[in-house]
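Right, one structure below, let's go through it.
Numbering (mature numbering (1 follows the signal peptide of the UniProt record, and there is no 0)), first residue to last: -20 to -1, 1 to 235.
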């Protein structure tokens, strides 16, 4: 519960001001709706992010703007700014707030939603940053075709998949089940490696001895808390009879 509460309220640090009038700047606060569907410390994909940016100043209303990854958020996702006044310790406090309703998909994962607060009396605009940690199941990928396998030596099957959180993977090759980090016969399955892009992983399967076996069908299964996805990799084979056998296995549902 504490983690969820901490996630729902993001407080951004503020800086000292040099202005012609005496003022007291409150932190820019970004609140997320308690009705959001959270999972594993993030926001589940395919729902509307409802958030509110709140700023308090001893000056007239501030200007509030929003950006996502440095690009302005379209006005259609924003509600009108609401300004309220309150007399506090002899000073008139102006509270400005604005709500945003932004539909999140896996595409927004890893981006930064920023609320900016500016005013002529402020030498440095204030802002609050919300990193978007969007959770989603492994994404579908069309069947992958690769060129002929070498007749000898080693060969690596390489698949790039997208998921958040990181999935657990396993391969099926000619009846063998090879879990990530394990070796079975001439095959070695590697643990998914994260790329520089949020939610993207490279998954490798290595055949260390193609002369011993040159399979033409590789099936990868990736699973996280939100779902499972299968990926099929098909390679060319010079022996048509063997290729036909592999096709029959696919039709029978053995993969």
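Ideal Cβ placement from N, Cα and C applies to all residues, glycine included.
| Query | Result |
| --- | --- |
| Assigned exposure category for residue 149 - 16 Cβ within 10 Å defines buried | buried |
| Local conformation of residue 55 per DSSP, three classes | helix |
| 6 Å CB neighbourhood of residue 45 in its chain, flanking five on each side removed | 96 |
| The region 197 to 214 in contact with the region 111 to 126 per 3-pair CB rule at 8 Å | yes |
| In DSSP terms, what residue 71 is bridged to | 68 |
| C-alpha gap between residue 51 and residue 110, whole angstroms | 14 Å |
| Closest by C-alpha distance to residue 165, when choosing among 61, 8, 152 | 152 |
| Status (buried if at least 16 other CB within 10 Å, exposed otherwise) for residue 114 | buried |
| Residue 80 versus residue 59: straight-line alpha-carbon distance, rounded | 6 Å |
| Buried/exposed call for residue 56, threshold 16 Cβ in 10 Å | exposed |
| Residue(s) in a DSSP beta bridge with residue 81 | 30 |
| Residue environment, residue 179, which counts as buried when at least 16 other CB atoms sit within 10 Å | buried |
| Residue 146 to residue 138 span [Cα, whole Å] | 17 Å |
| First through last residue of the beta strand (DSSP E) which encompasses residue 108 | 106 to 111 |
| Cβ contact (3+ pairs, closer than 8 Å) linking the region 156 to 174 and the region 66 to 79 | no |
| Inter-residue spacing [alpha-carbon to alpha-carbon] between residue 105 and residue 64 | 20 Å |
| Cβ neighbours of residue 24 in the same chain (closer than 6 Å, five flanking residues each side left out) | 17, 115 |
| Per-residue burial, residue 87 [other beta carbons within 10 Å of its own, 16 or more giving buried] | exposed |
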